[in-house]
Amino acid sequence: MAKKVLTVLAFVLVAALALAQEAAGGASAAMKDGLKAIGMGLALGLGALGTGVAQSAIGAAALGSVVEDRRNIGFAFIFFLLPETLVIFGFVGFFLLRGL
-17 MAKKVLTVLA
-7 FVLVAALALA
3 QEAAGGASAA
13 MKDGLKAIGM
23 GLALGLGALG
33 TGVAQSAIGA
43 AALGSVVEDR
53 RNIGFAFIFF
63 LLPETLVIFG
73 FVGFFLLRGL
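Heads up: the sequence shown begins at -17 in my numbering, then just goes up one per residue.
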């Protein structure tokens, strides 16, 4: 296990050095725009994916809690809507990268 981790770490280090040297030579505008688009997509997509995963478990638990005691509906809404902040952070990152 440790050998695999060290191999991946060495690969990431070498790749980072190679990309740093390439960027020092002057990255083209098309490359910059492409990487910015990938970053915007990752910010929004991974935020939405994280929200979906979180809400899948929270929704079932919240529904079970409300069925047992109807007074828990307020807590259920709060806990169900809390992961939506991940998508909001994704939108913030999307628009910050778009403006750069």
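Positions of the beta carbon are idealized from the N, C-alpha and C atoms, including for glycine.
Applying the 10 Å Cβ sphere with the 16-neighbour rule, what's the burial state of residue i?
i     : result
Gly34 : exposed
Gly72 : buried
Ala44 : buried
Gly46 : exposed
Gly29 : buried
So residue i and residue j are in contact, right, with Cβ under 8 Å, and what is the actual spacing, rounded?
i     : j     : result
Leu62 : Ile40 : In the sequence as presented, Leu is not what sits at residue 62; that position holds Phe. Contact flag correct, Cβ pair sits at about 5 Å.
Pro65 : Ala36 : 4 Å
How about residue i and residue j: do their beta carbons lie closer than 7 Å?
i     : j     : result
Asn68 : Gly32 : Correcting the residue identity first, residue 68 is Leu in this sequence and not Asn. In this structure, Gly32 lies closer than 7 Å to Leu68 by Cβ.
Gly81 : Ala25 : no
**OP:** Mind the definition here: the segment 40 to 57 touches the segment 15 to 28 only if three or more C-beta pairs lie below 8 Å; say whether that holds.
**Re:** The segment 40 to 57, when compared against the segment 15 to 28, does not touch it at the 8 Å Cβ threshold.
Subject >> Unbroken stretches of the alpha helix (DSSP H), 4 residues or longer, contained in the segment 7 to 69 >> reply: Taking only runs of at least 4 residues, the alpha helix (DSSP H) segments lying wholly in the segment 7 to 69 are 11 to 50 and 55 to 63.
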